[in-house]
Amino acid sequence: MPTGPTRPTVSSVVDQLIGLVDLDVAVDLAREDPATAVALHFEPLRVIALPDFGHLGNTCSTDGFYEAELDPDRPTIIFDEAVNPARARFTIVHELGHHLFATVGAHLLDDLDLVGRSAAGAGLAEERACHEFSGRILISDQLIAEVIGDQTQLLPAHLAELRARTTASWDAIAVRCVNWVSARTAVVYIRTLGIVGSSVSAPRLASPWWPRGSNVQPGGPLARALERDHVAAKETYRAGLAFAEQLFCDTLRVNDGLAVCVLGDRPSNGRFDILEPAEPAWKDRDEFCAWDGDERDHDWCDRCSGRLCRTCQRCGCEQPLASPNCAGCGLPAPRNPGFEFCRTCILDGR
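So for the sequence shown, our numbering puts the first residue at 42; every next one is plus one.
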């Protein structure tokens with residue numbers, strides 16, 4: 042009996058995107074200086090490192106962005122020079138994914154629209170695709186199979202071993218691992234006591250990520266992850282936020298400034314236990330729009346999973362800037378969220 046066409050997924054789109062990159066180019070991106078590899082294989086695309094990059098905000102998952110509007114003939118990847126080389130490599134390859142979607146892979150945007158089912162959802166799908174693209178370029182399937190094999194559950198030790206055996210960043214490793222195992226899994230890195238450093242989750246979880254800088258549940262395993270290791274302890278993923286969920290948590294303290302934490306819906310030690318529903322954030326918290334002061338109690342944002350303002354329909358993804366003018370040139374020029382300088386000043390090196 043004939044069947045209809047298969048609905049695209051993020052992974053199927055990434056399969057096609059990787060097919061647009063020659064094998065020798067992928068090897069250069071994973072092993073050589075990534076900025077040099079981009080300049081060599083993707084001219085006229087250029088890569089610029091900024092010493093005073095700032096922070097893109099909680100909704101950003103990489104330390105950079107792709108700019109093709111100011112000079113379409115000379116698109117640019119801009120990244121934070123202060124981050125470690127592995128993190129910079131992940132960021133550059135991630136932004137290269139956006140470049141490919143804007144150029145030779147533009148035909149794949151229709152598939153992303155189908156995956157996202159809305160304008161905001163399509164943007165989130167592209168972000169996921171670029172994450173997976175970067176992870177798959179930097180870490181081979183063969184190595185993942187060797188370390189994790191056919192295990193359905195992810196452990197912090199798996200991530201630590203991959204980190205020791207590759208040039209990939211912790212975030213790149215997390216992206217690859219949560220998409221490899223079949224369990225509903227999230228990886229959270231704790232770099233400051235009680236604060237989310239970064240996170241990556243499998244598409245099977247209700248929320249795409251836990252915003253960096255968020256507070257964790259007080260007294261839980263994540264709050265104490267920099268002090269000691271935990272095995273199959275109950276923890277609230279996205280505590281205090283929309284779509285919070287109780288999961289089992291394993292943590293591994295790598296050093297004084299990093300703990301690797303894996304959350305999933307099954308205990309890693311095999312014991313029988315039951316997860317309790319997390320209390321929804323909207324039940325005990327009122328949120329107000331930073332733009333017009335009205336209450337945010339309407340519908341939901343596909344990107345941050347927060348409520349929308351009943352007046353302006355904005356969520357919490359973007360916050361109004363204190364001044365509409367660029368701190369560099371003094372003009373009301375376009376700026377990326379969280380930046381003091383306009384895009385022109387950034388490209389000029391300010």
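Even glycine gets a Cβ: it sits at the ideal position worked out from N, Cα and C.
Quantities reported herein were computed from a predicted structural model and do not represent experimental measurements.
Taking 3 residues as the shortest admissible run, the region 222–253 contains the following complete beta strand (DSSP E) segments, listed from N- to C-terminal end: 226–233, 236–242. In the three-state reduction of the DSSP assignment, Ala283 falls in the coil class.
DSSP places Ala71 outside any beta strand (DSSP E); the residue lies instead in the alpha helix (DSSP H), whose first and last residues are 64–72. Scanning Arg269, Trp250, Ala227 for the CA closest to the CA of Val303 turns up Ala227. Rounded to the nearest whole angstrom, the CA to CA distance from Cys356 to Ala283 is 12 angstroms.
At a Cβ-Cβ threshold of 7 angstroms, Leu267 and Ile236 do not count as neighbours.
Rounded to whole angstroms, Cys386 and Ile119 show a C-alpha spacing of 12 angstroms. For Asp340, there is no enclosing alpha helix (DSSP H); the enclosing beta strand (DSSP E) covers residues 337–341. When only Cα atoms are considered, Glu202 and Ala166 end up about 29 angstroms apart. In chain order, Val79, Ala80, Arg115, Pro116, Thr117, Ile118 place their CB closer than 8 angstroms to the CB of Arg87, counting only its own chain and leaving out the 5 sequence neighbours on each side. Per DSSP, reduced to three states, the secondary structure at Cys218 is helical. Between the region 187–200 and the region 157–174, the count of C-beta pairs closer than 8 angstroms stays below three; the two stretches do not touch. Taking the Cα positions, Leu111 is about 31 angstroms away from Ser53.
Judged by DSSP secondary structure, Ile59 falls within the alpha helix (DSSP H) whose first and last residues are 51–59. Take Val66, set aside five residues on each side of it, and the residues of its chain with a beta-carbon closer than 8 angstroms to its own are Ala78, His82, in chain order. For Phe313, the three-state secondary structure derived from DSSP is coil. Within the same chain, and ignoring the five residues on either side of Ile178 in sequence, the residues whose Cβ sits closer than 8 angstroms to its Cβ are Ile59, Val62, Ala67, Leu70, Ala71, Val134. Between Pro92 and Glu136, the C-beta spacing is not below 7 angstroms. Per DSSP, the continuous alpha helix (DSSP H) segment holding Arg169 begins and ends at 160–179. DSSP, read as helix, strand or coil, puts Glu108 in strand.
Between Pro49 and Leu155, the beta carbon gap of about 5 angstroms places them in contact (Cβ cut-off 8 angstroms).
Here the alpha carbons of Asp297 and Pro113 stand approximately 44 angstroms from one another. Beta-bridge annotation (DSSP): His271 is paired with Thr292. Here Ser175 is near Ala213, since their CB atoms are less than 7 angstroms apart. Within the model, the alpha-carbon separation for Val295 versus Cys358 is close to 32 angstroms.
Bounds of the beta strand (DSSP E) holding Val301 are 299–305. Checking the DSSP bridge columns, you'll see Val88 partnered with Ile118. Check the Cα spacing between Phe313 and each of Lys275, Gly334, Cys342: the tightest is with Lys275. Collapsing the DSSP output to three states places Cys383 in coil. Taking C-beta separations shorter than 6 angstroms and ignoring five residues to either side along the sequence, the partners of Ala264 in its chain run Gly235, Val257, following chain order. Counted as a single uninterrupted DSSP element, the alpha helix (DSSP H) harbouring Arg130 occupies residues 126–143.
Annotation for Glu328: Glu336, Arg337, Asp338, Gly347, Arg348, Gly357 place their beta carbon closer than 8 angstroms to its own, counting only its chain and skipping 5 residues before and after. Residue pairing by DSSP puts Asn256 in a beta bridge opposite Ile236. Secondary structure of Arg348 (DSSP, three-state): strand.
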